[in-house]
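*Asks:* Please read through the structure below; I'll follow up with questions.
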Amino acid sequence: MTLPTQRHVMAAGLRLAYWDFGGTGTPLVALHGHFGRARMFARLAADLGEGFRVIALDLRGHGNSDRADDFEPDAYLADVAAFLRHLDLGPVAVLGHSMGGVLAFRLAARHPELVSTLVVEEGGALNRQPVVAHPVLDVRGWPRRTATLGDLRRAIEAHGIPDAGYFLESAVEHPDGWGLLFDREDMMASQQALIGDWWSDWLGSHCPALLVHGLDSAILPTSLASEMVRRRPDTVLREFSGCGHWVHDDAPAEFASVVGDFLRQPATTTG
(Lines of atoms letter the chains of each structure in order from A and count residues from 1; the text may use other names and numbers.)
(Lines give C-alpha, C1' and ligand atoms only; values in the text may rest on other atoms or scores of the structure.)
Protein backbone atom coordinates (compact mmCIF):
# COMPACT_ATOMS: atom_id res chain seq x y z
CA MET A 1 0.00 0.00 0.00
CA THR A 2 1.29 3.46 -0.94
CA LEU A 3 2.06 5.73 2.01
CA PRO A 4 0.44 9.18 2.03
CA THR A 5 2.75 12.07 1.21
CA GLN A 6 2.39 15.71 2.20
CA ARG A 7 3.33 18.16 -0.54
CA HIS A 8 2.94 21.89 -1.12
CA VAL A 9 1.78 24.23 -3.85
CA MET A 10 1.87 28.02 -4.14
CA ALA A 11 -1.38 29.87 -4.84
CA ALA A 12 -2.00 33.62 -4.55
CA GLY A 13 1.27 33.95 -2.66
CA LEU A 14 0.23 31.34 -0.10
CA ARG A 15 1.95 28.04 0.57
CA LEU A 16 -0.81 25.45 0.61
CA ALA A 17 -0.29 21.93 1.91
CA TYR A 18 -1.94 18.86 0.47
CA TRP A 19 -1.93 15.14 1.09
CA ASP A 20 -1.57 12.65 -1.74
CA PHE A 21 -2.79 9.33 -0.39
CA GLY A 22 -1.21 7.52 -3.31
CA GLY A 23 -2.20 4.83 -5.74
CA THR A 24 -2.64 4.73 -9.48
CA GLY A 25 -6.43 4.65 -9.55
CA THR A 26 -8.99 7.28 -10.49
CA PRO A 27 -8.04 10.67 -9.00
CA LEU A 28 -10.44 12.12 -6.43
CA VAL A 29 -9.70 15.61 -5.12
CA ALA A 30 -11.16 16.16 -1.64
CA LEU A 31 -11.97 19.48 0.03
CA HIS A 32 -12.67 19.72 3.76
CA GLY A 33 -15.04 22.12 5.50
CA HIS A 34 -14.49 24.84 8.08
CA PHE A 35 -12.22 23.80 10.97
CA GLY A 36 -11.08 20.73 9.02
CA ARG A 37 -7.91 19.63 7.30
CA ALA A 38 -6.84 17.34 4.47
CA ARG A 39 -5.83 14.55 6.83
CA MET A 40 -9.48 13.91 7.70
CA PHE A 41 -9.86 12.05 4.39
CA ALA A 42 -7.36 9.33 5.35
CA ARG A 43 -10.13 6.90 6.32
CA LEU A 44 -11.99 7.55 3.06
CA ALA A 45 -8.82 6.96 1.04
CA ALA A 46 -8.19 3.68 2.84
CA ASP A 47 -11.77 2.49 2.45
CA LEU A 48 -11.93 3.36 -1.25
CA GLY A 49 -8.82 1.28 -1.82
CA GLU A 50 -6.40 1.06 -4.70
CA GLY A 51 -9.04 1.90 -7.29
CA PHE A 52 -8.81 5.57 -6.33
CA ARG A 53 -6.07 8.11 -5.70
CA VAL A 54 -7.35 10.58 -3.11
CA ILE A 55 -5.63 13.97 -3.08
CA ALA A 56 -6.80 16.34 -0.34
CA LEU A 57 -5.96 20.03 0.05
CA ASP A 58 -5.51 21.99 3.28
CA LEU A 59 -7.52 25.10 2.41
CA ARG A 60 -6.10 28.53 3.25
CA GLY A 61 -6.08 29.13 6.99
CA HIS A 62 -6.54 25.43 7.73
CA GLY A 63 -4.22 22.53 8.50
CA ASN A 64 -0.64 23.16 7.46
CA SER A 65 -1.49 25.80 4.87
CA ASP A 66 -0.68 29.47 5.34
CA ARG A 67 -3.06 31.90 6.99
CA ALA A 68 -4.53 34.58 4.77
CA ASP A 69 -6.05 38.04 4.90
CA ASP A 70 -8.91 37.09 2.58
CA PHE A 71 -11.45 34.38 3.37
CA GLU A 72 -14.02 35.29 0.75
CA PRO A 73 -15.43 32.31 -1.18
CA ASP A 74 -13.85 33.53 -4.42
CA ALA A 75 -10.40 33.45 -2.80
CA TYR A 76 -10.87 29.80 -1.86
CA LEU A 77 -12.15 29.15 -5.37
CA ALA A 78 -9.05 30.65 -6.98
CA ASP A 79 -6.81 28.55 -4.71
CA VAL A 80 -8.50 25.30 -5.68
CA ALA A 81 -8.51 26.12 -9.38
CA ALA A 82 -4.77 26.85 -9.18
CA PHE A 83 -4.25 23.61 -7.25
CA LEU A 84 -6.04 21.52 -9.88
CA ARG A 85 -4.06 23.15 -12.66
CA HIS A 86 -0.89 22.36 -10.72
CA LEU A 87 -1.90 18.69 -10.48
CA ASP A 88 -2.51 18.68 -14.26
CA LEU A 89 -4.69 15.58 -14.13
CA GLY A 90 -7.36 16.87 -16.50
CA PRO A 91 -10.98 17.11 -15.35
CA VAL A 92 -11.27 15.13 -12.11
CA ALA A 93 -13.88 14.03 -9.60
CA VAL A 94 -14.12 16.55 -6.76
CA LEU A 95 -15.57 15.77 -3.34
CA GLY A 96 -16.28 18.41 -0.74
CA HIS A 97 -17.70 18.48 2.77
CA SER A 98 -19.77 21.42 4.04
CA MET A 99 -17.94 24.60 2.99
CA GLY A 100 -15.77 22.34 0.83
CA GLY A 101 -18.94 21.04 -0.82
CA VAL A 102 -20.07 24.55 -1.71
CA LEU A 103 -16.57 25.21 -3.00
CA ALA A 104 -16.72 22.03 -5.10
CA PHE A 105 -19.98 22.89 -6.85
CA ARG A 106 -18.91 26.51 -7.36
CA LEU A 107 -15.71 25.19 -8.95
CA ALA A 108 -17.74 23.00 -11.32
CA ALA A 109 -19.86 25.99 -12.33
CA ARG A 110 -17.01 28.48 -12.76
CA HIS A 111 -14.33 26.09 -14.08
CA PRO A 112 -16.16 23.19 -15.78
CA GLU A 113 -12.98 22.17 -17.58
CA LEU A 114 -11.49 21.11 -14.23
CA VAL A 115 -14.33 18.97 -12.85
CA SER A 116 -15.71 15.71 -14.25
CA THR A 117 -17.92 14.60 -11.36
CA LEU A 118 -19.17 16.11 -8.09
CA VAL A 119 -19.65 14.58 -4.65
CA VAL A 120 -21.15 17.12 -2.25
CA GLU A 121 -21.43 16.08 1.39
CA GLU A 122 -23.68 18.42 3.35
CA GLY A 123 -23.03 21.52 1.24
CA GLY A 124 -26.17 23.56 0.73
CA ALA A 125 -27.29 25.81 -2.12
CA LEU A 126 -28.66 28.18 0.51
CA ASN A 127 -26.71 29.05 3.65
CA ARG A 128 -28.55 31.70 5.63
CA GLN A 129 -31.30 32.14 8.17
CA PRO A 130 -34.07 31.08 8.49
CA VAL A 131 -33.31 28.06 6.28
CA VAL A 132 -30.18 27.32 8.34
CA ALA A 133 -30.82 28.27 11.96
CA HIS A 134 -27.16 28.73 12.90
CA PRO A 135 -24.94 29.22 9.83
CA VAL A 136 -22.02 30.41 12.00
CA LEU A 137 -20.47 28.42 14.84
CA ASP A 138 -19.13 30.91 17.37
CA VAL A 139 -15.64 29.72 18.31
CA ARG A 140 -14.37 32.99 19.76
CA GLY A 141 -14.58 31.65 23.31
CA TRP A 142 -12.65 28.48 22.58
CA PRO A 143 -9.26 28.29 24.33
CA ARG A 144 -6.06 29.11 22.49
CA ARG A 145 -4.08 26.57 24.50
CA THR A 146 -4.79 23.86 27.07
CA ALA A 147 -2.43 21.71 29.10
CA THR A 148 -3.59 18.41 27.60
CA LEU A 149 -5.52 17.11 24.61
CA GLY A 150 -8.22 15.92 26.98
CA ASP A 151 -8.53 19.43 28.39
CA LEU A 152 -8.95 20.77 24.86
CA ARG A 153 -11.70 18.27 24.13
CA ARG A 154 -13.54 19.13 27.33
CA ALA A 155 -13.21 22.87 26.69
CA ILE A 156 -14.69 22.56 23.19
CA GLU A 157 -17.50 20.30 24.34
CA ALA A 158 -18.29 22.73 27.16
CA HIS A 159 -19.30 25.19 24.41
CA GLY A 160 -22.17 22.95 23.32
CA ILE A 161 -20.34 20.60 20.95
CA PRO A 162 -21.55 17.03 21.69
CA ASP A 163 -18.42 15.40 20.24
CA ALA A 164 -15.25 17.39 19.56
CA GLY A 165 -13.65 14.62 17.49
CA TYR A 166 -13.93 16.44 14.16
CA PHE A 167 -12.30 19.58 15.56
CA LEU A 168 -9.54 17.61 17.27
CA GLU A 169 -8.35 16.43 13.85
CA SER A 170 -6.79 19.91 13.81
CA ALA A 171 -5.28 19.66 17.30
CA VAL A 172 -1.50 19.84 17.68
CA GLU A 173 0.86 20.02 20.63
CA HIS A 174 2.91 23.21 20.95
CA PRO A 175 5.64 24.01 23.49
CA ASP A 176 3.05 25.88 25.57
CA GLY A 177 0.28 23.29 25.32
CA TRP A 178 -2.36 21.91 22.98
CA GLY A 179 -4.09 24.11 20.41
CA LEU A 180 -5.89 24.07 17.08
CA LEU A 181 -4.31 24.72 13.70
CA PHE A 182 -6.92 27.29 12.70
CA ASP A 183 -7.29 30.82 14.02
CA ARG A 184 -10.61 31.50 15.70
CA GLU A 185 -11.13 34.96 14.20
CA ASP A 186 -10.20 33.68 10.74
CA MET A 187 -12.89 31.01 11.03
CA MET A 188 -15.48 33.55 12.13
CA ALA A 189 -14.69 35.70 9.08
CA SER A 190 -14.73 32.71 6.74
CA GLN A 191 -18.07 31.43 8.03
CA GLN A 192 -19.63 34.88 7.73
CA ALA A 193 -18.41 35.13 4.14
CA LEU A 194 -20.10 31.84 3.24
CA ILE A 195 -23.54 33.05 4.30
CA GLY A 196 -25.61 33.55 1.18
CA ASP A 197 -27.53 32.14 -1.74
CA TRP A 198 -25.49 29.71 -3.87
CA TRP A 199 -28.29 28.42 -6.09
CA SER A 200 -26.85 29.86 -9.30
CA ASP A 201 -23.60 27.98 -8.78
CA TRP A 202 -25.36 24.75 -7.77
CA LEU A 203 -27.42 24.90 -10.97
CA GLY A 204 -24.56 26.24 -13.08
CA SER A 205 -22.81 22.96 -13.91
CA HIS A 206 -23.88 19.87 -15.80
CA CYS A 207 -21.59 17.09 -14.62
CA PRO A 208 -22.98 14.09 -12.69
CA ALA A 209 -23.37 14.87 -8.99
CA LEU A 210 -23.98 12.99 -5.76
CA LEU A 211 -25.45 14.87 -2.80
CA VAL A 212 -24.85 13.17 0.56
CA HIS A 213 -27.13 14.24 3.41
CA GLY A 214 -27.28 13.27 7.08
CA LEU A 215 -30.90 13.20 8.17
CA ASP A 216 -29.96 14.53 11.61
CA SER A 217 -27.98 17.46 10.18
CA ALA A 218 -28.51 20.92 11.65
CA ILE A 219 -26.76 22.53 8.67
CA LEU A 220 -28.46 21.09 5.57
CA PRO A 221 -32.24 20.76 6.00
CA THR A 222 -33.75 17.67 4.37
CA SER A 223 -36.22 19.83 2.46
CA LEU A 224 -33.35 21.83 0.95
CA ALA A 225 -31.42 18.67 0.01
CA SER A 226 -34.50 17.33 -1.77
CA GLU A 227 -35.03 20.60 -3.62
CA MET A 228 -31.38 20.69 -4.71
CA VAL A 229 -31.70 17.27 -6.33
CA ARG A 230 -35.10 18.04 -7.85
CA ARG A 231 -33.83 21.21 -9.52
CA ARG A 232 -30.47 19.95 -10.81
CA PRO A 233 -30.46 17.27 -13.55
CA ASP A 234 -28.19 14.22 -13.30
CA THR A 235 -28.00 14.50 -9.52
CA VAL A 236 -28.46 11.68 -7.01
CA LEU A 237 -29.39 12.10 -3.33
CA ARG A 238 -28.21 9.61 -0.72
CA GLU A 239 -29.59 10.14 2.75
CA PHE A 240 -28.04 8.63 5.88
CA SER A 241 -30.28 8.01 8.87
CA GLY A 242 -28.66 8.42 12.28
CA CYS A 243 -26.04 10.76 10.80
CA GLY A 244 -25.57 14.47 11.26
CA HIS A 245 -23.49 17.02 9.38
CA TRP A 246 -20.37 14.82 9.42
CA VAL A 247 -21.57 11.73 7.55
CA HIS A 248 -17.99 10.68 6.80
CA ASP A 249 -17.39 10.44 10.57
CA ASP A 250 -20.77 9.06 11.62
CA ALA A 251 -20.84 6.25 9.03
CA PRO A 252 -17.38 6.08 7.43
CA ALA A 253 -17.62 2.66 5.79
CA GLU A 254 -21.08 3.30 4.38
CA PHE A 255 -20.04 6.75 3.18
CA ALA A 256 -17.03 5.33 1.33
CA SER A 257 -19.17 2.61 -0.22
CA VAL A 258 -21.72 5.10 -1.54
CA VAL A 259 -19.02 7.42 -2.88
CA GLY A 260 -17.10 4.58 -4.51
CA ASP A 261 -20.19 3.09 -6.14
CA PHE A 262 -21.19 6.47 -7.54
CA LEU A 263 -17.75 7.27 -8.94
CA ARG A 264 -17.44 3.85 -10.58
CA GLN A 265 -20.56 4.45 -12.66
CA PRO A 266 -19.97 5.50 -16.26
CA ALA A 267 -20.59 9.20 -16.79
CA THR A 268 -23.95 9.99 -18.35
CA THR A 269 -23.47 13.72 -18.84
CA THR A 270 -20.58 15.88 -19.95
CA GLY A 271 -19.97 19.38 -18.68
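So the sequence shown is numbered by this note's numbering: it starts at 27 and just counts up by one.
Every residue gets a Cβ at the ideal spot worked out from N, C-alpha and C, and that includes glycine.
Predicted, not measured: the structure shown is a model, and the values here were computed from it.
(1) Please state if the CB of Ala251 and the CB of Leu263 are separated by a distance shorter than 9 Å.
(2) At which residue ranges does the segment 88-126 contain complete beta strand (DSSP E) runs of 3 or more residues, listed in the order of the chain?
(3) Flag this pair as yes or no: are the beta carbons of Ala82 and Ala104 separated by less than 9 Å?
(4) With 16 as the cutoff for other CB atoms within 10 Å, does Val284 come out buried or exposed?
(5) By a C-beta neighbour count over all protein chains shown, 10 Å radius and 16 as the cutoff for buried, is Ser267 buried or exposed?
(6) Measuring straight from C-alpha to C-alpha, what distance separates Ala184 and Glu211?
(7) Looking at C-beta atoms only, is the number of pairs between the segment 217-225 and the segment 139-155 that lie closer than 8 Å three or more?
(8) Below 8 Å CB to CB, which residues in the same chain sit around Thr261 once its five sequence neighbours on both sides are set aside?
(9) Would you call the segment 193-206 and the segment 162-174 touching, i.e. three or more CB-CB distances under 8 Å?
(10) Between the Cα of Val157 and those of Gly176, Asp287, Met36 and Ser249, spot the shortest distance and give me the residue it belongs to.
(11) Considering Cα atoms alone, identify which of Gly62, Met36, Ala71 and Met66 is closest to Thr50.
(12) How long is the line joining the alpha carbons of His112 and Val128, rounded to whole angstroms?
(13) Below 8 Å on the Cβ atoms is my guess for Asn90 versus Ala134; work out the distance and round it to an integer in Å.
(14) Ignore the nearest five residues each way along the sequence and tell me which others in Tyr102's own chain have a CB closer than 7 Å to its CB.
(15) Apply the 10 Å Cβ neighbour rule to Ile221 and answer buried if 16 or more other Cβ atoms are within range, or exposed otherwise.
(16) Is the beta carbon of Leu121 less than 9 Å from the beta carbon of Leu229?
(17) Exposed or buried, Gly62, counting other C-beta atoms within 10 Å across all chains shown (16 or more means buried)?
(18) Indicate the three-state DSSP secondary structure (helix, strand or coil) for His274 in the structure shown.
(19) Among residues of its own chain, excluding the 5 on either side of Glu195, which ones have a beta-carbon nearer than 8 Å to its beta-carbon?
(20) Using 8 Å for Cβ pairs, my map puts Ser216 next to Phe97. What's the rounded Cβ distance?
(21) To the nearest whole angstrom, what separates the beta carbons of His58 and His137, a pair I think is in contact under 8 Å?
(22) What are the uninterrupted segments assigned as alpha helix (DSSP H) that are 4 or more residues long and contained completely in the segment 184-250, given in chain order?
*Replies:* Put simply:
(1) The sequence position of residue 263 within the sequence shown is 237, counting from 1. The sequence position of residue 251 within the sequence shown is 225, counting from 1. Yes, they are a contact pair.
(2) 118-123
(3) One-based indexing of the sequence shown puts residue 82 at position 56. One-based indexing of the sequence shown puts residue 104 at position 78. In this structure, Ala104 does not lie closer than 9 Å to Ala82 by Cβ.
(4) Within the sequence shown, residue 284 is the residue found at index 258, counting from 1. Answer is buried; the Cβ neighbour count reaches 16.
(5) Translated into positions along the sequence shown, residue 267 becomes position 241. Exposed.
(6) Along the sequence shown, one-based indexing puts residue 184 at 158. Along the sequence shown, one-based indexing puts residue 211 at 185. Those two C-alpha atoms are separated by around 19 Å.
(7) yes
(8) Taking the sequence shown and counting its residues from 1, the one referred to as residue 261 is at position 235. Contacts found: Pro234, Ala235, Leu236, Leu237, Met254 and Val255.
(9) yes
(10) In the sequence shown, counting from the first residue as 1, residue 157 sits at position 131. Answer by Cα proximity: Ser249.
(11) Counting from one through the sequence shown, the residue named residue 50 turns up at place 24. Residue Ala71 is the option with its Cα nearest to Thr50.
(12) As a working mapping, residue 112 is identified with position 86 in the sequence shown. As a working mapping, residue 128 is identified with position 102 in the sequence shown. One C-alpha to the other measures close to 21 Å.
(13) For the purposes of this step, residue 90 is taken as residue 64 along the sequence shown, with counting starting at 1. For the purposes of this step, residue 134 is taken as residue 108 along the sequence shown, with counting starting at 1. That pair is no contact at about 26 Å.
(14) Within the sequence shown, the letter at position 76 stands for residue 102. Hits under 7 Å: Leu85, Arg86 and Leu129.
(15) Within the sequence shown, the letter at position 195 stands for residue 221. It is exposed - the Cβ of Ile221 has fewer than 16 other Cβ atoms within 10 Å.
(16) Here the question's residue 121 lines up with position 95 in the sequence shown. Here the question's residue 229 lines up with position 203 in the sequence shown. No. Outside cutoff.
(17) Here residue 62 is taken as the residue at index 36 of the sequence shown, counted from 1. Classification of Gly62: buried, given that the 10 Å Cβ count is 16 or more.
(18) To locate residue 274, count along the sequence shown from 1; it is residue 248. His274: helix per DSSP, three-state reduction.
(19) Residue numbering aside, residue 195 sits at position 169 when the sequence shown is read from its first letter. Result list for Glu195: Gly62, Arg63, Arg65 and Met66, in chain order.
(20) Position 190 of the sequence shown, counted from the first residue, corresponds to residue 216. Position 71 of the sequence shown, counted from the first residue, corresponds to residue 97. With 8 Å as the limit, Ser216 and Phe97 qualify as a contact, their Cβ atoms being about 4 Å apart.
(21) Here residue 58 refers to the residue found at position 32 of the sequence shown. Here residue 137 refers to the residue found at position 111 of the sequence shown. About 19 Å separates the two Cβ atoms, so there is no contact after all.
(22) 191-194, 210-220 and 225-228
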